[in-house]
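Engineer: Take 154 as the starting number for the sequence shown in the numbering used here and just add one per residue.
Every residue, glycine too, gets a C-beta built ideally from N, C-alpha and C.
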Amino acid sequence: MKAVHLLVLGLSLAGCATVQPWERDVLARPEMSLDANPLDAAIDDHIYFSKEGSSGGRGFGGGGCGCN
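#1: Using only the alpha-carbon positions, how far apart do HIS199 and LEU164 sit?
#2: Rounding to the nearest angstrom, what Cα-Cα distance links ILE158 and CYS169 in this structure?
#3: If you draw a straight line from the C-alpha of ASP193 to the C-alpha of SER203, how long is it?
#4: Where does the unbroken alpha helix (DSSP H) through ASP178 begin, and where does it stop?
#5: Checking 8 Å against the spacing of the C-beta atoms, do LEU166 and VAL172 come in under that value?
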């Protein structure tokens, strides 16, 4: 049983990596961001909030009928 725990621990630590300075340019690309296309996200939010009649979930305060 200890061998299994050590194997799992070893595999989980193998996933930890240090990003080298020359690798940061790849991670800084727009397509690597969590929201690669902010315009599409804004349009999707508008459609969702129009259909649901409320706001919230993406940093908006409040909620209600959407009549504002």
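Structural biologist: With the structure as the only source:
#1: 43 Å
#2: Checking the displayed sequence, the identity of residue 158 turns out to be His instead of Ile. The alpha-carbon atoms of HIS158 and CYS169 are separated by roughly 18 Å.
#3: 15 Å
#4: 177 to 180
#5: no
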